[in-house]
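**Student:** If you scroll down you'll find the structure; I have some questions about it.
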Amino acid sequence: MCPASTPGLHKTSDGHVRVHDGFPNHSNGATALLRCPPSADRPTVSAAIAPWRSVDLETAAFDAGCVISALRSYAQWDVTPQARAVADLPILLRRIGDAPPGLPQSMRGAPTDKCFCGLRVLELSRVIATPLSGKTLAAHGADVLWVTSPNLPDLPPIDREFGRGKRTIQIDLDSAEGEAALWRLLDDAHVFVQGFRPGALAGRGFSPETLAARAAERGRGIICANLSAYGPDGPWRARRGFDSRGGQRRVRCWIMRRGIS
Numbered sequence: 064m065c066p067a068s069t070p071g072l073h074k075t076s077d078g079h080v081r082v083h084d085g086f087p088n089h090s091n092g093a094t095a096l097l098r099c100p101p102s103a104d105r106p107t108v109s110a111a112i113a114p115w116r117s118v119d120l121e122t123a124a125f126d127a128g129c130v131i132s133a134l135r136s137y138a139q140w141d142v143t144p145q146a147r148a149v150a151d152l153p154i155l156l157r158r159i160g161d162a163p164p165g166l167p168q169s170m171r172g173a174p175t176d177k178c179f180c181g182l183r184v185l186e187l188s189r190v191i192a193t194p195l196s197g198k199t200l201a202a203h204g205a206d207v208l209w210v211t212s213p214n215l216p217d218l219p220p221i222d223r224e225f226g227r228g229k230r231t232i233q234i235d236l237d238s239a240e241g242e243a244a245l246w247r248l249l250d251d252a253h254v255f256v257q258g259f260r261p262g263a264l265a266g267r268g269f270s271p272e273t274l275a276a277r278a279a280e281r282g283r284g285i286i287c288a289n290l291s292a293y294g295p296d297g298p299w300r301a302r303r304g305f306d307s308r309g310g311q312r313r314v315r316c317w318i319m320r321r322g323i324s
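Read left to right, the sequence shown gives residues 64 to 324 (my numbering).
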C-alpha cells in the first residue's frame with residue numbers, strides 16, 4: 064500500500080496540485096522529489112509542497128518520472144501549449160490497413176443475445192480508464208483477455224472491479240518469451256486496446272501499423288484502440304497521466320464555470 068501522506072489536493076504558493084499515489088513508485092518518487100522520507104505524514108508532505116508554484120512542481124515531477132498535476136481553471140488550461148495542440152481533438156479515427164469486408168468468422172453464427180459475441184479483444188492497460196473500455200466490451204459479449212505485467216504492483220480493489228467478465232494473463236514484455244507470447248495473442252485478436260503513453264508500445268515493435276501489416280499477411284484486419292492522458296499530439300503527449308488527473312481538470316472546470324467556491 065502507498066503511504067496516506069500524498070493522495071488528494073495539496074496547497075501550493077499559487078494554487079493546488081494533486082499527487083498520484085496509486086503505485087508505490089509514484090508515491091515514493093513524489094516524496095523523494097520533495098525531499099521527504101517515504102514514511103512522511105501528510106502535514107510534512109503538505110509543508111514541503113507549500114512553497115512551490117503549481118506549474119513548477121508539475122514540471123519537476125514530470126522530469127523526475129512521477130505524476131503531480133496542477134489544478135487549473137478553464138482559462139489556465141486553455142493557454143497551455145497542450146490545450147492548443149488538442150483544442151478540438153475528437154475521437155480520432157485513422158485507417159491503418161485493409162481487411163476483408165464483413166464480420167470476423169468467429170462472430171458469424173455466434174449467439175445473438177449480445178452484440179459482440181465472438182469478438183476477441185486483447186487489452187493491455189492499468190488503473191481505470193482503459194480497463195473500463197474492456198469491461199464494457201466484455202459486458203456486451205466480447206471475449207476480453209486482460210494482459211498485465213508481473214513486474215508491476217497489483218491494485219486489488221481496482222483490479223477486481225475492472226476485471227469483471229475478462230480473462231487475465233501476466234506477460235513480461237522485457238523477456239523474449241513474453242514478447243513472443245504477446246505476438247501469438249495478437250495474431251488471434253480482432254481488437255487491441257492499450258492505455259499507455261503514445262509511442263510506448265510502438266517502441267517495443269507493437270505499433271498499430273506493424274499490427275495491421277501482420278494481420279494483413281494473414282488475410283485479416285485488426286482494430287487498435289489507444290487511450291492516453293494528454294492525447295496523441297502536443298508537447299505533453301509523453302507525460303504520464305491517470306484518470307484521476309483528467310477528472311481533476313474536469314471537476315475544477317465544472318466548479319469554475321458554476322462559480323462554486
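All residues carry an ideal CB built from backbone N, CA and C; glycine is no exception. As the structure is a computational prediction, the values presented were derived from the model and not from experiment.
Return helix, strand or coil for residue 132, following the three-state DSSP convention.
**Tutor:** Position 69 of the sequence shown, counted from the first residue, corresponds to residue 132. In the structure shown, residue 132 sits in a strand (DSSP, three-state: E or B).
**Student:** Can you tell me whether residue 293 is buried or exposed, with buried defined as 16 or more other CB within 10 angstroms of its CB?
**Tutor:** Mapped onto the sequence shown, residue 293 falls at position 230. It is buried - the Cβ of residue 293 has at least 16 other Cβ atoms within 10 Å.
**Student:** Distance, Cα to Cα, residue 210 vs residue 188?
**Tutor:** Walking along the sequence shown from the start, residue 210 turns up at place 147. Walking along the sequence shown from the start, residue 188 turns up at place 125. Going by the C-alpha atoms only, they are around 7 Å apart.
**Student:** So residue 122 and residue 108 are supposed to be a Cβ contact under 8 Å. How far apart are they, rounded?
**Tutor:** Taking the first residue of the sequence shown as position 1, residue 122 is located at position 59. Taking the first residue of the sequence shown as position 1, residue 108 is located at position 45. Their Cβ separation, rounded to whole angstroms, is 19 Å, which puts residue 122 and residue 108 out of contact at 8 Å.
**Student:** Taking DSSP as the reference, what is the three-state secondary structure of residue 207?
**Tutor:** Translated into the one-based positions of the sequence shown, residue 207 becomes position 144. In the structure shown, residue 207 sits in a strand (DSSP, three-state: E or B).
**Student:** Flag this pair as touching only if the region 195 to 208 and the region 98 to 114 have three or more C-beta atom pairs under 8 Å; answer yes or no.
**Tutor:** Cβ pair count under 8 Å is below three, so no.
**Student:** Could you tell me whether the region 129 to 142 touches the region 72 to 90, where touching means 3 or more Cβ pairs closer than 8 Å?
**Tutor:** Cβ pair count under 8 Å is three or more, so yes.
**Student:** From residue 235 to residue 110, what does the alpha carbon distance come to, in whole angstroms?
**Tutor:** Translated into the one-based positions of the sequence shown, residue 235 becomes position 172. Translated into the one-based positions of the sequence shown, residue 110 becomes position 47. Spanning the two alpha carbons is a distance of roughly 39 Å.
**Student:** Name the one or two DSSP bridge partners that residue 229 has.
**Tutor:** Within the sequence shown, the letter at position 166 stands for residue 229. According to DSSP, which records beta bridges pairwise, residue 229 is partnered with nothing at all.
**Student:** Hey, quick one: how far does the beta strand (DSSP E) through residue 74 stretch, first residue to last?
**Tutor:** The residue given as residue 74 occupies position 11 in the sequence shown. Run containing residue 74: 72 to 74, per the beta strand (DSSP E) assignment.
**Student:** Exposed or buried, which one is residue 141 when buried takes at least 16 other CB atoms within 10 Å?
**Tutor:** For the purposes of this step, residue 141 is identified with residue 78 of the sequence shown, where counting begins at 1. It counts as exposed.
**Student:** Is the separation between the beta-carbon of residue 125 and that of residue 302 shorter than 7 Å?
**Tutor:** Residue mapping note: residue 125 aligns to position 62 of the sequence shown, counting from 1. Residue mapping note: residue 302 aligns to position 239 of the sequence shown, counting from 1. Yes; because the gap between Cβ atoms is below 7 Å, this pair is in contact.
**Student:** Measuring alpha carbon to alpha carbon, tell me which of 154, 105 and 116 ends up nearest residue 79.
**Tutor:** As a working mapping, residue 79 is identified with position 16 in the sequence shown. Nearest option by C-alpha distance: 116.
**Student:** Give the range of the beta strand (DSSP E) segment to which residue 286 is assigned.
**Tutor:** Taking the first residue of the sequence shown as 1, we reach residue 286 at position 223. Element bounds for residue 286: 286 to 289.
**Student:** Could you give the distance in angstroms between the alpha-carbon of residue 92 and the alpha-carbon of residue 226?
**Tutor:** Stepping through the sequence shown from its first residue, residue 92 is reached at position 29. Stepping through the sequence shown from its first residue, residue 226 is reached at position 163. Distance between the alpha carbons of residue 92 and residue 226 is about 28 Å.
**Student:** What number of angstroms, rounded off, separates the C-alpha of residue 232 from the C-alpha of residue 76?
**Tutor:** Numbered from 1 along the sequence shown, position 169 holds the residue referred to as residue 232. Numbered from 1 along the sequence shown, position 13 holds the residue referred to as residue 76. Rounded to whole angstroms, residue 232 to residue 76 spans 45 Å at the Cα level.
**Student:** According to the neighbour-count rule (16 or more other Cβ atoms, all chains shown, within 10 Å of its Cβ), is residue 155 buried or exposed?
**Tutor:** The count along the sequence shown starts at 1 and reaches residue 155 at position 92. When all chains shown are included, residue 155 counts as exposed.
**Student:** Between the Cα of residue 106 and the Cα atoms of 221, 74, 278 and 137, which residue gives the shortest distance?
**Tutor:** Indexing the sequence shown from 1 puts residue 106 at position 43. If we check each option's Cα against that of residue 106, 74 comes out closest.
**Student:** What separation, rounded to the nearest whole angstrom, lies between the Cα atoms of residue 271 and residue 250?
**Tutor:** Numbered from 1 along the sequence shown, position 208 holds the residue referred to as residue 271. Numbered from 1 along the sequence shown, position 187 holds the residue referred to as residue 250. Their backbone Cα atoms lie some 13 Å apart in a straight line.
**Student:** Have a look at the DSSP bridge pairing and note the partners of residue 255.
**Tutor:** Looking up residue 255 in the sequence shown gives position 192. 185 and 287, per the DSSP bridge assignment.
**Student:** Mapping the DSSP letters down to three states, classify residue 321 as helix, strand or coil.
**Tutor:** By one-based count along the sequence shown, residue 321 stands at place 258. Its pLDDT being 40, under 50, residue 321 is placed unreliably by the model, and the measurement read from it follows with that caveat. Correct three-state label for residue 321: helix.
**Student:** If you drop the 5 nearest sequence neighbours on each side, which residues of the same chain put their C-beta closer than 8 Å to that of residue 214?
**Tutor:** To locate residue 214, count along the sequence shown from 1; it is residue 151. 235 and 237, listed in sequence order.
**Student:** Mind checking whether residue 196 and residue 256 have CB atoms under 7 Å apart?
**Tutor:** In the sequence shown, residue 196 corresponds to position 133, counting from 1. In the sequence shown, residue 256 corresponds to position 193, counting from 1. Cβ distance < 7 Å, so residue 196 and residue 256 count as in contact.
**Student:** May I ask you to report which of helix, strand or coil DSSP gives residue 385?
**Tutor:** No statement about residue 385 is possible, as the shown extent of the chain runs from 64 to 324 and does not include it.
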